[in-house]
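Residue numbers (the numbering used here): 11 to 345. Glycine is no exception: its CB is placed at the ideal position from the N, C-alpha and C atoms.
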């Protein structure tokens, strides 16, 4: 067809445990791309070396790419203390997401988590009513948070037990979780024990509910709210509370949510499906089985001589958890 093949003999993909080494290899020209700038290195890129990104003779290119991903905290709905929706809402209202993004993440996020689980990307999620979902989302309201905690029987946090939160081994998430720990203590006088866990172990602990709260990040496999809302579909929760719940790892069950989700899945058009998914997402946010923290953005470094390399909102290969979810959905749909 007269289409030329790329002038590439091979592509080398490297993994670095040391984030500093990854950046150093880029500055020396050994690496053509750094797909995600570590938070600890943002100042080095945007301040110390900013002149190298400017003008016609620029050495490097910096791209900011919104990701089809959401980082959130998932409540273990089998946790006795977290069964009260007022406590879950209080936690949501106590957290200063703006500070997390601006001060902790150095603005390396697309948007604070003031919407729902579906990232607010109108170009990807066409005709999805993000404004309606924002009305049920959460931003900081410390007085309301204190009121809800008092209504739940814990005025000024008195008598509230210490709860556990686990998150993956990651420098940026350690900073985020440490800040959340401080904010909950400051606003609600509630203490959470935070623990870093190796990723595979975190997945297993999450599925078996071995902590009260888990850090999660979900990257959509296709630009539709179904890809995100499926994580909370009640039919994915096993009847045996001791069995692992891999899909709906927080074991959230709400008949109204499930009804809207199913109607969205079986809708005859994307537009009709969106209407049901929006209603499902509003129910989800009001019921608050999660705390949406922020939506993903990736800062990508490229050598200036690299041409025609493009990224997209998913920016990933499907991991095994996502493949498992897609298999489960297809099995359920056609059973």
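Three-state secondary structure (DSSP) of residue i
{"i": "residue 259", "result": "coil"}
{"i": "residue 248", "result": "coil"}
{"i": "residue 151", "result": "coil"}
{"i": "residue 140", "result": "helix"}
{"i": "residue 240", "result": "helix"}
{"i": "residue 15", "result": "coil"}
{"i": "residue 219", "result": "coil"}
{"i": "residue 313", "result": "strand"}
{"i": "residue 62", "result": "helix"}
{"i": "residue 28", "result": "coil"}
{"i": "residue 101", "result": "helix"}
{"i": "residue 55", "result": "helix"}
{"i": "residue 303", "result": "strand"}
{"i": "residue 36", "result": "helix"}
{"i": "residue 227", "result": "strand"}
{"i": "residue 146", "result": "coil"}
{"i": "residue 80", "result": "strand"}
{"i": "residue 208", "result": "coil"}
C-alpha gap between residue i and residue j, whole angstroms
{"i": "residue 148", "j": "residue 303", "result": "10 Å"}
{"i": "residue 131", "j": "residue 17", "result": "34 Å"}
{"i": "residue 245", "j": "residue 211", "result": "24 Å"}
{"i": "residue 320", "j": "residue 145", "result": "35 Å"}
{"i": "residue 182", "j": "residue 34", "result": "19 Å"}
{"i": "residue 24", "j": "residue 225", "result": "26 Å"}
{"i": "residue 235", "j": "residue 139", "result": "11 Å"}
{"i": "residue 113", "j": "residue 49", "result": "11 Å"}
{"i": "residue 141", "j": "residue 124", "result": "10 Å"}
{"i": "residue 314", "j": "residue 40", "result": "13 Å"}
{"i": "residue 155", "j": "residue 102", "result": "8 Å"}
{"i": "residue 28", "j": "residue 316", "result": "24 Å"}
{"i": "residue 19", "j": "residue 189", "result": "46 Å"}
{"i": "residue 152", "j": "residue 191", "result": "15 Å"}
{"i": "residue 254", "j": "residue 128", "result": "25 Å"}
{"i": "residue 256", "j": "residue 58", "result": "44 Å"}
Neighbourhood of residue i by C-beta, 6 Å cutoff - its chain only, sequence neighbours within 5 removed
{"i": "residue 38", "result": "none"}
{"i": "residue 122", "result": "107, 108, 111 and 304"}
{"i": "residue 84", "result": "224, 226, 260 and 300"}
{"i": "residue 159", "result": "100 and 198"}
Cut-off 7 Å between Cβ atoms - residues of its own chain near residue i, not counting five sequence neighbours on either side
{"i": "residue 126", "result": "143, 147, 291, 294, 295 and 302"}
{"i": "residue 195", "result": "201"}
{"i": "residue 327", "result": "Residue placement at residue 327 is poorly supported in this model, since its pLDDT is 42, which falls under 50; the coordinates are not used for a value here."}
{"i": "residue 164", "result": "170"}
{"i": "residue 286", "result": "270, 273, 274 and 277"}
{"i": "residue 62", "result": "68, 69 and 70"}
{"i": "residue 248", "result": "255"}
Cβ separation of residue i and residue j, assumed to be a contact under 8 Å, to the nearest whole Å
{"i": "residue 89", "j": "residue 222", "result": "5 Å"}
{"i": "residue 283", "j": "residue 77", "result": "Wrong, their Cβ atoms sit about 23 Å apart, outside the cutoff."}
{"i": "residue 208", "j": "residue 179", "result": "6 Å"}
{"i": "residue 198", "j": "residue 100", "result": "6 Å"}
{"i": "residue 150", "j": "residue 97", "result": "So it is not a contact: roughly 17 Å between Cβ atoms."}
{"i": "residue 46", "j": "residue 309", "result": "7 Å"}
{"i": "residue 242", "j": "residue 252", "result": "So it is not a contact: roughly 21 Å between Cβ atoms."}
8 Å Cβ shell around residue i - same chain, five flanking residues per side excluded
{"i": "residue 94", "result": "162"}
Report yes or no: do the segment 46-54 and the segment 262-278 share at least 3 C-beta pairs separated by less than 8 Å?
Judged by Cβ distances under 8 Å, the segment 46-54 makes no contact with the segment 262-278, as fewer than three pairs qualify.
Do the segment 214-221 and the segment 168-184 meet, that is, are 3 or more Cβ pairs less than 8 Å apart?
Flag = yes, the segment 214-221 and the segment 168-184 touch.
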